[in-house]
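Sequences listed follow chains A and B, in order.
Take the first sequence: its letter number 85 is residue 676 in the numbering used here, and every next letter is one higher.
Take the second sequence: its letter number 126 is residue 796 in the numbering used here, and every next letter is one higher.
Written below as structure tokens is the structure these notes are about.
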Amino acid sequence: MTEQHLLEQLRLRSDAELYAEAISFAAENELPDTKQMVGLLEFSRSWKMLMQYVKHQRQRDWEQKRAHYGDFYKKLAEYLDAKNTGLRDRARTKWVFVDASLPKKQLEEHLDRWAGLLAREFIQHLCAAAEYKSKLERAGKAQEANSDNEYHGN
Amino acid sequence: MNEDLRIMRQVALQADAFYEDAKRLGTLAAKCLTGQKRSQITGLESICNSTLKVSDVCDYIKMRTARQKEWQQDNLGPKVLEYIEKNIAQRRGLICAVLKIEDKLKQQDIYMMLIREFVWQLAAQYEFALIKSQGG
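Right under this line is the structure:
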């Protein structure tokens, strides 16, 4: 597998699978605020940094009104790193981004790189989906409030 | 005719077919973004010309829509996004069926070629509509 081939696979997976998965993830989970999402994008530059950040955020003691943040990071950690079904394992087994015959240390290094690039794509899509969803929801609520005001003659 | 030329011809035919839709959305963009937000359209052109991924274009439109009220006006952002995700995707499917293209990378390239044509037409109409609205 050449570098060129793997980069082509990355852009295909991003469009064909990760984009739709990010939209589903945003729809199915209560999302943190924009600041958190921007932080997530910032840390998605490498697999190790991202996983450390997600783990740290998951274990934080969130105040009551942000209690769902912990769940969000837990689900995200599962999406990325669950055994067999997580992004990292899919990069290895399903999409074959790494050569399974490599020595273990080298294999893990390759996997860090390609799983990191895949995760970066997913997080970018997730951030866009989250902001878009949040804006549309707010716009919908504002429209409802306007309709109510008109109905009540305000 | 080799495959690349056949693809270019099919893309050109589809681009002619969606010209009226691009004009309609370009006029709407001129109304919503006005001349003050020209960089939003040049930004869209720029991302289309620099990326190989459809999802990058869609993410850009989503972010702009979430952050700029002008993209929310008259549902400009959602309308452009829906056009790219549905209408242009269908046209890509048609081209691939006609030319019997099964290679996923080529399909993705054709999708991006169509998007670039569409955004080029939209941007041209945006500029034209702005000049018209200024009485030019």
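Note that CB positions come from ideal geometry on N, CA and C, so glycine has one too.
Check your understanding: Just the Cα atoms here: how many angstroms apart are I765/B and D773/B?
Key -> 13 Å
Practice item. Indicate the three-state DSSP secondary structure (helix, strand or coil) for N620/A in the structure shown. Key: coil
Check your understanding: Would you say S615/A faces chain B, with C-beta separation under 8 Å as the test?
Key -> no
**Study point:** Neighbour list for A699/B in chain A, Cβ cutoff strictly below 7 Å
**Key:** Within chain A, no residue comes near A699/B; the closest Cβ sits about 18 Å away, beyond 7 Å.
Review point. L727/A to K802/B, Cα distance in whole Å?
Key: 32 Å
Practice item. Report the rounded CA-to-CA distance for V724/B versus R679/B, giving the unit in angstroms. Key: 21 Å
Exercise for review: With distances taken Cα to Cα, identify the nearest neighbour of G713/B among F688/B, Q742/B, K756/B, V789/B.
Suggested key: V789/B
Point to revise | Inter-stretch contact at 8 Å, needing at least 3 Cβ pairs: the region 594–603 of chain A / the region 635–643 of chain A | key: no
Practice item. Answer yes or no: does any C-beta atom of chain B fall closer than 8 Å to that of E722/A? Key: yes
Review point. What are the start and end residues of the alpha helix (DSSP H) that includes R636/A?
Key: First-last for R636/A: undefined, no H or E at that position.
Review point. Going by beta carbon distance, what residues of the same chain come within less than 8 Å of W705/A, once the five residues before and after it are set aside?
Key: L597, L601, A682, F688, V689
Check your understanding: Is the CB-CB distance between Q743/B and Q710/B below 8 Å?
Key -> no
Check your understanding: Are the C-beta of A730/A and some C-beta of chain B separated by less than 8 Å?
Key -> yes
Review point. Whose C-alpha, out of A658/A, Q715/A, D624/A, T593/A, is nearest the C-alpha of K610/A?
Key: It should be noted that the sequence gives Tyr, not Lys, for residue 610/A. For Y610/A, the nearest C-alpha among the options comes from Q715/A.
Check your understanding: For E712/A, does the count of other Cβ atoms within 10 angstroms reach 16, so buried, or fall short, so exposed?
Key -> buried
**Study point:** R729/A versus E715/B: straight-line alpha-carbon distance, rounded
**Key:** 28 Å
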